[in-house]
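Set out below in structure tokens:
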């Protein structure tokens, strides 16, 4: 049986997560299902107006975007699968529905082996040109925390580690709020901070989540719908 990547990366700490989070992060390749979350971001995007023209230059990457809004509806799909290199992975595709247009934000998180045991690396954007290491922890309340570390860019054959002075780190926290909505909601908060600039990107909000079967009932471990696939895959870490 396939073991979900977050369970492998967290080890025994996985069982310290809130039960609703354990269920959320238990999607595994070959299950025949994918996850769908729909909700509202209280805040989302880049708050610094002077920085938005620069982010607009990278909006085609579908990793960063220049917009900012409050009370913005969004949808996320989670697809567990094996990537073309045989790694157990989770691809997330987010549709952020700003007034008048939709921004796509996508990534693939893959489980890789290392001397310290299994760890997660996150490939960002439609071309998967940027990759970061994910450091996970579980809070006393059972929330999941994640910090991105040591980013690098892949430009053709080049592998370019980003110096700490220019690298931006993402700080994420996800939890279950039983008092939210009618029956409780998943909550998420993410901040991307660059040491020289400050807050580059933020999104925070709540959403309802459910599993849906794939059309046709596919349970192949490598199955990923075409619309959720990136324009290219990256094997390097």
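Numbering (the numbering used here), first residue to last: 244 to 480. Where is the CB? At the ideal position from N, CA and C, for every residue including glycine. These numbers were taken from a predicted model, which means no experiment stands behind them.
Notebook entry, point to check: Over what stretch of residues does the alpha helix (DSSP H) that includes residue 250 continue unbroken?
Noted result: Taken as a continuous stretch (DSSP letters only), the alpha helix (DSSP H) holding residue 250 covers 248–253.
Notebook entry, point to check: Tell me which same chain residues have a C-beta within less than 8 Å of the C-beta of residue 314, skipping the five on either side of it?
Noted result: 283, 284, 285
Check: Tell me the DSSP bridge mates of residue 351?
Finding: 334, 366
Next item on the list: Go ahead and pull the three-state DSSP assignment for residue 471.
Entry: helix
Checklist line | Boundaries of the alpha helix (DSSP H) in which residue 295 is found, first to last residue | finding: 295–299
Next item on the list: With DSSP as the reference, label residue 267 as helix, strand or coil.
Entry: helix
Item checked: Straight-line gap, residue 328 to residue 368 (C-alpha atoms, nearest Å) -> 18 Å
Item checked: Spatial neighbours of residue 252 in its chain, beta-carbon cut-off 7 Å, leaving aside the 5 residues before and after -> 354, 361, 362, 363, 379
Notebook entry, point to check: Excluding five sequence neighbours on each side, which residues of the same chain lie with their C-beta closer than 6 Å to the C-beta of residue 318?
Noted result: 281, 338
Next item on the list: Would you mind reading off the limits of the beta strand (DSSP E) that contains residue 409?
Entry: No beta strand (DSSP E) contains residue 409, which DSSP labels as neither H nor E.
Checklist line | 3-residue-minimum beta strand (DSSP E) runs that sit fully inside the stretch 394–457, ordered along the chain | finding: 401–404, 412–420, 428–437, 441–456
Item checked: As assigned by DSSP and simplified to three states, the class of residue 376 -> DSSP, read as helix, strand or coil, puts residue 376 in strand.
Next item on the list: Check whether the Cβ atoms of residue 427 and residue 418 sit closer than 8 Å, and answer yes or no.
Entry: no
Next item on the list: Indicate the three-state DSSP secondary structure (helix, strand or coil) for residue 257 in the structure shown.
Entry: helix
Check: If you draw a straight line from the alpha carbon of residue 294 to that of residue 340, how long is it in whole angstroms?
Finding: Spanning the two alpha carbons is a distance of roughly 21 Å.
Check: In chain order, what residues of the same chain have a beta carbon less than 6 Å from the beta carbon of residue 389, not counting five sequence neighbours either side?
Finding: Correct list, in chain order: 377, 379, 415.
Next item on the list: Give a yes or no on whether the C-beta atoms belonging to residue 412 and residue 391 are separated by under 8 Å.
Entry: yes
Margin query: Give me the residue from 308, 403, 302, 276 with the minimum Cα distance to residue 289.
Written below: 308
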